[in-house]
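If you're matching positions, the sequence shown starts at 61 in this note's numbering and goes up one per residue. What follows is a set of notes on a single structure, which appears directly below.
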Amino acid sequence: RQQYFYVSATLQDILRRFKKRPRSLFDLPNKVAIQLNETHPAIAIPEFMRLLIDEEGLSWEEAWQIVYNTFAYTNHTVMPEALEVWPVPLVEKLLPRHLMIIYEINHRFLTEVRQRWPDDPQRVARMSIIEESEPKLVRMAHLAIIGCHKVNGVAEIHTNLLRNALFPDFSEMWPGKFENITNGVNARRWLLQANPALSAVISKWVGNHEWIHDLGTLASLRRIAFDPELQRDWRGGK
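Structure below.
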């Protein structure tokens, strides 16, 4: 209930603010980006569909176009707590309309899967939003992947785990959807702006300013790391 409350309040506020100006809802993905950090707020996808269809009067196809292009999903860890599953009976009791929407999303998605892999029922079962267990479960990570235009990992090794170990079927279906935007140091903010003196030292010894855009070029400093003059400059810069 708490997750749904925060999600619904946020989405309704986004729509309220967006509609203050006379513009089309179809322009919303150009003005708004909604980031799902882990699966905890993934119920936002069916909730936004509900708002656009039931409250705004859009068709399913129109609403899905807006939702899909507005949402992105970041997975921060492969631990179970970041891959929530919700019991279908619980969702049906608390959010019956949302379960209807989830079923429809799943139906349309699995139709596409069957068209691409007509002789692979195991793949269909693996990719389904609904896990056919007892009780049935809603796989919120699958809902997030299907309902978002981008899926992001937070490190290269982590993104490769998402592609190759955790969600290989989805990566095969949408290879361009999975991206890696690494957590860590942004050179322009945390080095160039924060310490101009050290930045000047780095540029001097690297021989150019390319490191500002590509931190990988700093690897060239390894071969001269023990140079006394470099070390003296480095201490002075810091």
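Ideal placement from N, C-alpha and C gives every residue a C-beta, glycine not left out. Computed from a predicted model, the values in this text were never measured in an experiment.
Item	Value
Test item: CB-CB of ALA102 and MET187 under 9 Å	no
N-terminal and C-terminal residue of the beta strand (DSSP E) that GLU239 is part of	238-240
Candidates PRO140, VAL138, ALA104, LYS196: closest to TRP124 by CA position	ALA104
Beta bridge counterpart(s) of THR134 as assigned by DSSP	ASN97, ASN212
Where TRP177 falls: helix, strand or coil (DSSP)	coil
Stretch-stretch touch, CB-based, cutoff 8 Å, three pairs: the stretch 71-81 with the stretch 179-195	no
Heavy atom of the ligand GDP within 8 Å of LYS91 beta-carbon	In the structure on display, the ligand GDP does not appear, and there are no ligands present to speak of.
Unbroken stretches of the alpha helix (DSSP H), 4 residues or longer, contained in the stretch 245-290	256-266
Classification of GLY207 by the beta-carbon crowding that lies within 10 angstroms, buried from 16 upward	buried
Burial state of LEU203 (16 or more Cβ within 10 Å)	buried
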